[in-house]
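Asks:
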Amino acid sequence: MRKSTTILNYLKSNTKSKICGSTISLCSNQSLNRNALLTLLSTLRFASTTSQHPSTSNDSHYNHNQVVDFPGGTVKFIPEMRFITESFVERTPCYHVLDDNGQTISGSNFVQVSEEVAVKMYHDMVTLQTMDTILYEAQRQGRISFYVTTNGEEAINIASAAALTMDDVIFPQYREPGVLLWRGFTLQEFANQCFSNKYDNGKGRQMPAHYGSNKHNYITVASTVATQIPHAVGAAYSLKMDKKDACAVTYFGDGGSSEGDFHAALNFAAVLEAPVIFICRNNGWAISTPTSDQFRSDGIVVKGQAYGVRSIRVDGNDALAIYSAVQAARQMAISEERPILIEALTYRVGHHSTSDDSTKYRPANEIERWRLARNPVARFRKWIERNGWWNTNAESELRSSLRQQILHAIQVAENIEKPPIEDMFSDVYDVPPSNLKEQEQWLKESIRKHPQEYPSNICV
Ligand SMILES: Cc1ncc(C[n+]2csc(CCOP(=O)(O)OP(=O)(O)O)c2C)c(N)n1
Ligand SMILES: [Mg+2]
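Going by UniProt numbering, the residue at position 420 of the sequence shown is 420; the numbering climbs one at a time, nothing skipped.
Below is the structure:
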């Protein structure tokens with residue numbers, strides 16, 4: 001029985017089996033040769049799916065428990081032609097802990113946070129807000145070329161970072177500088193990178209806001225959306241092989257989940273049983289493309305199950321929920337050697353970047369509603385105030401001190417020399433090819449001849 005036609009003939013002539021359109025009901029307990037059945041089923045893939053109305057077996061002897069051991073596991077046969085529905089009855093619920101008034105919801109289970117950690121979380125969220133305001137203005141003044149804010153996503157940044165350890169390796173998109181801030185990257189280091197001066201770790205070769213730091217286990221931001229996701233899986237697999245008490249953590253947006261890299265990464269992670277946490281910031285927009293134009297699934301969380309990855313949906317504007325979910329995810333990822341997907345629902349309050357004006361494609365009152373009523377920083381502040389860990393005086397002191405510190409950092413960064421011209425041509429080739437050497441000479445001559453066309457703090 002090597003050819004599928006032979007199998008069909010066999011089934012047709014067999015009195016206890018039925019063929020109706022593309023539906024086949026095996027009405028007996030007889031077992032078919034597994035290869036033969038597979039060949040048959042692959043033939044039927046091309047059969048019309050809109051053919052005749054499927055008939056169900058009316059044979060009272062039909063065995064409702066018949067299972068077949070296909071590769072990948074046994075499956076149960078059913079006599080009905082039943083498609084899995086594309087729609088969902090109910091959206092996957094979203095885990096939260098704090099209500100809009102900063103009160104813990106009764107019955108919510110969450111990880112307790114000490115006063116010290118909670119106050120540092122709040123401090124860093126406010127730092128992020130202040131840094132965003134000042135660096136955004138610096139770009140508008142023409143002092144730096146580009147910037148992206150994290151407005152509205154401060155809780156995802158800081159609370160997730162707080163739940164990890166320094167040994168966990170971070171593979172960021174570009175809207176997660178808060179993780180680096182939490183790990184101790186200084187305001188001066190942020191400013192040096194944005195002003196591309198000689199103390200920037202990237203030697204001025206990256207756009208502003210594309211931070212990276214070996215010391216902080218934070219892989220350099222790449223603009224190419226989603227490329228970091230499979231990298232994180234590879235790193236996680238290596239951490240597992242080395243039996244490290246650490247995981248890899250990758251951040252990306254809803255737009256990142258629309259890239260092929262996301263799907264390949266989830267699949268690899270599931271199969272390799274890699275300790276990686278996928279944190280998707282579903283903020284509703286990929287620049288001007290709303291999520292409704294990106295996917296028709298119930299967001300991102302449901303994609304985890306399709307790949308065999310344990311998943312949860314969390315309120316991204318609730319710092320306590322994010323902290324608890326990430327801590328639990330980390331524990332499971334490392335001890336059970338498995339990937340975890342977290343979909344954090346949120347809203348991108350800022351423009352996509354300084355190259356964007358989001359009021360051109362979304363209503364201003366929608367942005368305002370999220371900025372004011374659903375603000376994650378204000379919500380967390382209410383909670384620490386309720387606990388007696390924060391007050392108005394501490395608030396105004398913190399905000400004015402941070403403003404001074406950041407203004408100082410950018411003033412210093414602006415006046416530091418740019419990296420030497422040679423740095424633009426090094427670190428790629430062991431022996432630079434002749435055309436690169438020529439370009440370097442040409443650039444140096446041009447700077448000498450036309451100094452007025454170049455920044456004064458370039459070192460030739
Ligand atoms: C591979 C690739 N395609 C397109 C772009 C242009 N681009 C930059 S950011 C972005 C949107 C990403 O949206 P999302 O992942 O939701 O992140 P968000 O900006 O909302 O945080 C796009 C399309 C890019 N940088 N790389
Ligand atoms: Mg987005």
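Ideal Cβ placement from N, Cα and C applies to all residues, glycine included.
Leaving out the 5 sequence neighbours to the left and right, which residues in its chain are closer than 7 angstroms to A163 when beta-carbon positions are compared?
Replies: Here residue 163 refers to the residue found at position 163 when the sequence shown is read from its first residue. Only Y323, V326, Q327, R330 meet the Cβ criterion.
Asks: Once you ignore the five residues that flank A344 on each side, which residues in its own chain have a CB closer than 6 angstroms to its CB?
Replies: In the sequence shown, the residue the question calls residue 344 occupies position 344. Once the five neighbours on either side are set aside, the close Cβ partners of A344 are I156, R281, V314, G316.
Asks: State the DSSP-derived secondary structure class of E343, mapped to helix, strand or coil.
Replies: Here residue 343 is taken as the residue at index 343 of the sequence shown, counted from 1. Strand, per DSSP.
Asks: Count the other C-beta atoms from every protein chain shown that fall within 10 angstroms of the C-beta of C459, then say buried if there are 16 or more, exposed otherwise.
Replies: Your numbering for residue 459 matches position 459 in the sequence shown. C459 comes out exposed.
Asks: Report buried or exposed for T127, applying the criterion of at least 16 other Cβ atoms within 10 angstroms of its Cβ.
Replies: For this step, residue 127 is matched to residue 127 along the sequence shown. So T127 counts as buried.
Asks: What residues in its chain sit with their C-beta under 6 angstroms from that of A191, if we drop five residues either side in the sequence?
Replies: Start at 1 with the first residue of the sequence shown, and residue 191 comes out as number 191. For A191, where only same-chain residues beyond five positions count, the Cβ hits under 6 angstroms are A409, I410, A413.
Asks: Do you know how far the Cα of M207 is from the Cα of M332?
Replies: Position 332 of the sequence shown, counted from the start, is the residue given in the question as residue 332. Position 207 of the sequence shown, counted from the start, is the residue given in the question as residue 207. The alpha-carbon atoms of M332 and M207 are separated by roughly 36 angstroms.
Asks: Does the distance from the CB of Y251 to the CB of E176 come in under 8 angstroms?
Replies: Taking the first residue of the sequence shown as 1, we reach residue 251 at position 251. Taking the first residue of the sequence shown as 1, we reach residue 176 at position 176. Cβ distance < 8 angstroms, so Y251 and E176 count as in contact.
Asks: Between the C-alpha atoms of F110 and K240, what's the straight-line distance to the nearest angstrom?
Replies: In the sequence shown, residue 110 corresponds to position 110, counting from 1. In the sequence shown, residue 240 corresponds to position 240, counting from 1. When rounded, the distance between both Cα atoms is 28 angstroms.
Asks: Is I78 buried or exposed, if buried means 16 or more other CB atoms sit within 10 Å of its CB?
Replies: The residue labelled residue 78 in the question sits at position 78 within the sequence shown. Result: exposed.
Asks: E397: buried (16+ other C-beta within 10 angstroms of its C-beta) or exposed?
Replies: Looking up residue 397 in the sequence shown gives position 397. Exposed.
Asks: Could you check whether Y174 and S223 sit closer than 8 angstroms to each other, using their CB atoms as the reference points?
Replies: To locate residue 223, count along the sequence shown from 1; it is residue 223. To locate residue 174, count along the sequence shown from 1; it is residue 174. Yes, the pair counts as a contact, with Cβ atoms nearer than the cut-off.
Asks: Opposite T250 in the DSSP bridges: which residues?
Replies: As a position in the sequence shown, residue 250 is number 250, starting the count at 1. F171, F278, per the DSSP bridge assignment.
Asks: Where does V349 land, buried or exposed, given buried means 16+ other C-beta within 10 angstroms?
Replies: Here residue 349 refers to the residue found at position 349 of the sequence shown. Result: buried.
Asks: How is I156 classed by DSSP in three states: helix, strand or coil?
Replies: Here residue 156 refers to the residue found at position 156 of the sequence shown. Helix at I156.
Asks: Can S356 be considered in contact with ligand 1, in the sense that its beta carbon sits closer than 7 angstroms to one or more heavy atoms?
Replies: Along the sequence shown, read from residue 1 onward, the residue named residue 356 stands at position 356. Inspection of the sequence shows that residue 356 is occupied by Asp rather than by Ser. Checking every heavy atom of ligand 1 against the Cβ of D356, none is found closer than 7 angstroms.
Asks: Tell me whether T291 is buried or exposed, calling it buried when 16 or more other Cβ atoms sit within 10 Å of its Cβ.
Replies: Here the question's residue 291 lines up with position 291 in the sequence shown. Classification of T291: buried, given that the 10 Å Cβ count is 16 or more.
Asks: Does the pairing of the region 289-307 with the region 266-279 give three or more beta-carbon distances under 8 angstroms?
Replies: Touching, yes, given that three or more Cβ pairs across the two stretches are closer than 8 angstroms.
Asks: How about S401: is its Cβ closer than 7 angstroms to a heavy atom in ligand 1?
Replies: Within the sequence shown, numbered from 1, the residue matching residue 401 stands at position 401. No.
Asks: With DSSP as the reference, identify every bridge partner of V314, one or two as the case may be.
Replies: In the sequence shown, the residue the question calls residue 314 occupies position 314. Beta-bridge pairing links V314 to Y95, A344.
Asks: Terminal residues of the continuous alpha helix (DSSP H) containing T204?
Replies: What you label residue 204 is simply residue 204 of the sequence shown in a count that begins at 1. The amino acid at residue 204 is misidentified as Thr; the sequence shows Gly. Premise fails: G204 is in no alpha helix (DSSP H) and is neither H nor E.
Asks: Taking the CB atoms as reference points, tell me whether S213 and F185 lie closer together than 8 angstroms.
Replies: Here residue 213 is taken as the residue at index 213 of the sequence shown, counted from 1. Here residue 185 is taken as the residue at index 185 of the sequence shown, counted from 1. Yes.
Asks: Where do the ends of the alpha helix (DSSP H) carrying G73 lie?
Replies: Walking along the sequence shown from the start, residue 73 turns up at place 73. It is not in any alpha helix (DSSP H) - G73 instead sits in the beta strand (DSSP E) that spans 73-76.
Asks: Within the chosen definition, does the region 165-172 reach the region 379-391 through at least 3 CB pairs nearer than 8 angstroms?
Replies: Cβ pair count under 8 angstroms is below three, so no.
Asks: Assign N65 to buried or exposed, taking buried as 16 or more other Cβ atoms, counted over all protein chains shown, within 10 Å of its Cβ.
Replies: In the sequence shown, residue 65 corresponds to position 65, counting from 1. It is exposed - the Cβ of N65 has fewer than 16 other Cβ atoms within 10 Å.
Asks: Following a CB-centred definition, is R348 positioned closer than 7 angstroms to any heavy atom of ligand 1?
Replies: Here residue 348 refers to the residue found at position 348 when the sequence shown is read from its first residue. Under cutoff, so the answer is yes.
Asks: Can you list, in chain order, the residues of its chain with a C-beta nearer than 7 angstroms to that of W182? Leave out the 5 residues immediately preceding and following it.
Replies: For this step, residue 182 is matched to residue 182 along the sequence shown. D124, I158, A161, A162.
Asks: Quick check on this structure: which residue in D298, K449, R403, P432 has the alpha carbon closest to the alpha carbon of T90?
Replies: Position 90 of the sequence shown, counting from 1, holds the residue named residue 90. The displayed chain sequence assigns Glu, not Thr, to residue 90. Nearest option by C-alpha distance: D298.
Asks: Helix, strand or coil, according to DSSP, for A286 in the structure here?
Replies: For the purposes of this step, residue 286 is identified with residue 286 of the sequence shown, where counting begins at 1. Here A286 sits in strand by DSSP.
Asks: Tell me, which residues are paired with S213 by DSSP?
Replies: Residue mapping note: residue 213 aligns to position 213 of the sequence shown, counting from 1. Answer by DSSP bridge pairing, in chain order: Y218.
Asks: Could you tell me how far apart the beta carbons of G204 and D423 are, in whole angstroms, since I believe they sit closer than 8 angstroms?
Replies: Looking up residue 204 in the sequence shown gives position 204. Looking up residue 423 in the sequence shown gives position 423. Confirmed, Cβ separation roughly 7 angstroms.
Asks: With DSSP as the reference, label V113 as helix, strand or coil.
Replies: As a position in the sequence shown, residue 113 is number 113, starting the count at 1. It is coil, neither helix nor strand.
Asks: Near R371, which residues of its chain fall below 6 angstroms by C-beta distance, leaving aside the five closest residues on each side in sequence?
Replies: Here residue 371 refers to the residue found at position 371 when the sequence shown is read from its first residue. Correct list, in chain order: V349.
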